[in-house]
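Peer 1: Attaching a single structure in structure tokens format; questions to follow.
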Amino acid sequence: MSEHRVTRSDRQSRFGLATFAVLLAVLALLPWWDSDGSLRVPLVAILYYLALAQMWNLLAGFAGLVSIGQQMFVGIGVYTLLSFAEDFGVDPYLSVLLAGLVAAVLSLPVAALAFRLRGGYFAIGTWVIAEVFRLIALESGFLGGANVRTMTRASLGGYSVDTRNTVTYLLALGLAAGATAIVVLVLRSRLGLALRSIRDNAEGARGLGVSVTRAKLVVWVISAFWTGMTGAVILLHNPSTRAESAFSVLRWTALVVFIAIIGGVGSTTGPIIGVVIYWCVREFLEDAEEWRFIILGLIAAAMAVAAPRGVYGLLQKRWTVQFFPVRRRLVGPGVGAPAPPDEIRTPSQPPK
Amino acid sequence: MTPLLEVVNVDKSFGVKVVDAMSLQVNERDALGIVGPNGAGKTTLLNLIAGDLSCDRGSILIEGEDITRTSSDWRCRRGLARTAQIPRPFEGMTVFENVLVGAVFGAGVPMNEAQATPVAVEALERANLLAAANTRAGALPLLGRKRMELARALATRPKILLLDEIAGGLTEAEVLELVETIKAIGASGVTIVWIEHIVHALLAVVDRIMAMSFGTKIAEGDPAEVMASPEVQEVYLGVEPE
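Line by line, the protein sequences are chains A and G.
All residue numbers for the first sequence refer to my numbering, where the first residue is 1 and numbers rise by one.
All residue numbers for the second sequence refer to my numbering, where the first residue is 1001 and numbers rise by one.
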């Protein structure tokens, strides 16, 4: 049987991967020629939104976990960084990692509660739990209560403004590229095989030995870890915060959901397209954050009705592009012709 | 000798009792057929054994170990595989990927994909589906879907294979083809429990038949004798065994 093997890439996907590698290299080298930071600083927000959108996409698009509580992990990340760097004097960049770990650990009791709920109840449940975290931050004197809290110069490790801007930018880029890589790697692994089978037919997956709860829990913890680190980087970028903004459902979940839906949920490329569209709207309406929410919300609502697979889905109707191949193709004697490339589709029904 | 599978005094009710005080023993390498009119509780019994439904009363044992409270995925890893009456394909995945899920997550030692690939290929070969390996599962015709159910179940390396009306809806020629495949699976040492309405297909494979009606066992034993017994003739009025 050893003459059979599995391949995944084709010419198209190798081209796609090369394109993204070049793009990533250009973005990574940006600090060396964008000396005044006029490009970098606005890019940070785009990059952390891509990280958030990919993590939400992993949950909702691939694991069927439609979370409306992502702001809890952002907020946990923000307050972990504040506590460690500001109150305990830990290096701020080490604290970013700790923020992810704290979010991952806290995601376990949250899962114990929320995983009892299904579908829409799960969504509402995660929102309610996130509100509980917001109230804890608001009411606890140790975390600063309702006051604005700011990262002081000292807690920023005494690094110069320029170094800080560059490191924050590179961290945001790493989070965005890393989030995309995580989604691709998860999908290509055993876990991805389990998730795709669960998405298509959960009962059938169970019948083949797939532990549905375990697969979802692993994805949940990964997403919490990465979202928590992203929260910490958001604070590094904008060092003043308070509970209301650190745990904002509008900014850290609703807007993220809009971006993912517009780009295309359930594909790895969709959130990248969504965040580019978000950038355009943002440039257009620079000073009107409320209008940004309204306009993106309207586009997302229209897309959800007219094109549930987002812009990426529309593109795929015309061109069968697949930048990050996850589908396995068996090669060997007795095997039929290869199937046409067709990236994972969004289920026609909302995930349960 | 401990039976491979034991059903002890199991009840299941959905308002009315669908499975009523059912007991059953299946030894290693047995091939048991289950017959009965529609609504007799055959599929419910199979769902109880596979863990897709939980018993109201009674217990289910595999190799003497009580598995009544375990989940269906756990039972699969323990060596109990099933095919569903209505196939449950992963439509967005290829046929090979469908079968690979069974090979990666099924019974025995956990496997990575490289180790599981030959297992999946062998299951595809045994189910006569290798040529369609890279087809999207959603594009398969009915026979292909039934074969894929079988291949996925085989890929989990089961000790017991539960088949739920796998021949239903197929043409006569397709049924004969499938019978040969299932015979070969039985000959390779897999214990078979098969629910089927197509009696001649069943008779070609099984060495024992149990007949059910209204959730209870009405006859069990030699296939020809069971099918000829007055009780079975009565519930199967008009259906003649071949």
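Every residue gets a Cβ at the ideal spot worked out from N, C-alpha and C, and that includes glycine.
Nothing here was measured: the structure is a model prediction, and the numbers come from that model.
#1: Helix, strand or coil: which one does DSSP assign to leucine 1159 of chain G?
#2: Give me the Cα-Cα distance between alanine 1107 of chain G and proline 1158 of chain G, rounded to the nearest whole angstrom.
#3: Output the distance between the C-alpha atoms of arginine 242 of chain A and leucine 143 of chain A, rounded to the nearest integer angstrom.
#4: Taking 9 angstroms as the CB-CB limit, is aspartate 34 of chain A close to chain G?
#5: Whole-angstrom Cβ separation of lysine 1017 of chain G and cysteine 1055 of chain G, contact assumed at under 8 angstroms?
#6: Can you give me the start and stop residues for the beta strand (DSSP E) that asparagine 1009 of chain G sits inside?
#7: Is serine 83 of chain A buried or exposed, if buried means 16 or more other CB atoms sit within 10 Å of its CB?
#8: How would you label leucine 1162 of chain G, buried or exposed, when you count the other beta carbons within 10 angstroms and need 16 or more for buried?
#9: At 7 angstroms on the CB atoms, spell out the chain A contacts of valine 1104 of chain G, in chain order.
#10: Any beta carbon from chain G within less than 9 angstroms of alanine 63 of chain A's own beta carbon?
#11: Quick one: residues in its chain with C-beta nearer than 7 angstroms to the C-beta of aspartate 91 of chain A, no 5 flanking neighbours on either side, listed in chain order?
#12: Roughly how many angstroms separate the alpha carbons of isoleucine 136 of chain A and valine 305 of chain A, rounded to a whole number?
#13: Do the stretch 1026-1033 of chain G and the stretch 1185-1201 of chain G touch if we need at least three Cβ pairs shorter than 8 angstroms?
#14: Straight-line CA distance for tyrosine 79 of chain A to valine 218 of chain A?
#15: Identify, in the order they occur along the chain, each residue of the same chain with its Cβ nearer than 6 angstroms to the Cβ of leucine 187 of chain A, setting aside the five sequence neighbours on each side.
#16: Compare the C-alpha of isoleucine 277 of chain A against each of A:Ala63, A:Ile295 and A:Leu39 and name the closest.
#17: So what does DSSP say about threonine 241 of chain A, is it helix, strand or coil?
#18: Is there a C-beta anywhere in chain G that falls below 9 angstroms from the one on alanine 232 of chain A?
#19: Beta-carbon separation of isoleucine 1067 of chain G and arginine 1075 of chain G under 9 angstroms?
#20: Roughly how far, in whole angstroms, is the beta-carbon of valine 41 of chain A from the beta-carbon of asparagine 165 of chain A, given that I think they are within contact range, below 8 angstroms?
#21: Just checking: is the beta-carbon of tryptophan 1194 of chain G within a distance shorter than 9 angstroms of some beta-carbon in chain A?
#22: Counting only runs that start and end within the stretch 153-217 of chain A, where is the alpha helix (DSSP H) found for 4 or more residues in a row?
#23: In chain G, which residues lie with their C-beta within 7 angstroms of the C-beta of serine 211 of chain A?
#24: Do you know how far the Cα of alanine 1123 of chain G is from the Cα of phenylalanine 1096 of chain G?
#25: Taking leucine 250 of chain A as the query, report the chain G residues whose CB atoms sit under 9 angstroms from its CB, ordered along the chain.
#26: With distances taken Cα to Cα, identify the nearest neighbour of alanine 123 of chain A among A:Thr152, A:Val249 and A:Asp36.
#27: Cα-Cα, which of A:Val66, A:Val44, A:Ile46 and A:Gly207 is closest to lysine 216 of chain A?
#28: Strictly under 9 angstroms for the Cβ-Cβ distance: is glycine 207 of chain A near chain G by that measure?
#29: Once you ignore the five residues that flank arginine 1145 of chain G on each side, which residues in its own chain have a CB closer than 7 angstroms to its CB?
#30: Less than 7 angstroms between C-beta atoms, sequence neighbours within five positions excluded: which residues of the same chain meet that for glycine 1169 of chain G?
#31: Is the beta carbon of leucine 97 of chain A within less than 8 angstroms of some heavy atom of the ligand MN?
#32: Identify every residue that forms a DSSP beta bridge with tryptophan 220 of chain A.
#33: DSSP three-state label for methionine 303 of chain A, please.
#34: Classify arginine 11 of chain A: buried if its beta carbon has 16 or more other beta carbons within 10 angstroms, exposed otherwise.
#35: Just list the residues that DSSP pairs glycine 297 of chain A with in beta bridges.
#36: By DSSP, does leucine 1080 of chain G sit in helix, in strand, or in coil?
Peer 2: Based on what the coordinates show:
#1: At residue 1159 of chain G the sequence reads lysine, which differs from the leucine that was named. Here lysine 1159 of chain G sits in coil by DSSP.
#2: Whole-angstrom Cα-Cα distance: 7 angstroms.
#3: 10 angstroms
#4: no
#5: Not confirmed; about 12 angstroms, so no contact.
#6: Here the beta strand (DSSP E) through asparagine 1009 of chain G covers 1005-1014.
#7: buried
#8: buried
#9: Arg190 and Leu193
#10: no
#11: Gly157
#12: 37 angstroms
#13: Cβ pair count under 8 angstroms is three or more, so yes.
#14: Valine 218 of chain A has its alpha-carbon roughly 24 angstroms from the corresponding atom of tyrosine 79 of chain A.
#15: Val326
#16: A:Ile295
#17: Residue state, collapsed to three classes: strand.
#18: Contact of alanine 232 of chain A with chain G is not assigned, every C-beta pair being separated by 9 angstroms or more.
#19: yes
#20: 7 angstroms
#21: no
#22: 161-188, 190-200 and 202-207
#23: Ordered by position in chain G, the residues that pass the 7 angstroms Cβ test against serine 211 of chain A are Asp1073.
#24: Computed Cα separation, rounded: 10 angstroms.
#25: By Cβ distance, chain G contributes nothing, its closest Cβ being about 33 angstroms from leucine 250 of chain A, past 9 angstroms.
#26: A:Val249
#27: Nearest to lysine 216 of chain A by C-alpha distance, out of A:Val66, A:Val44, A:Ile46 and A:Gly207, is A:Val66.
#28: yes
#29: Pro1087 and Pro1089
#30: Leu1142
#31: Ligands are entirely absent from the displayed structure, and the ligand MN is therefore not among its contents.
#32: The secondary-structure analysis by DSSP pairs tryptophan 220 of chain A with nothing; it has no beta-bridge partner.
#33: helix
#34: Within a 10 Å sphere around the beta-carbon of arginine 11 of chain A sit fewer than 16 other beta-carbons, which makes this residue exposed.
#35: The bridge partners DSSP lists for glycine 297 of chain A come to none.
#36: Residue state, collapsed to three classes: strand.
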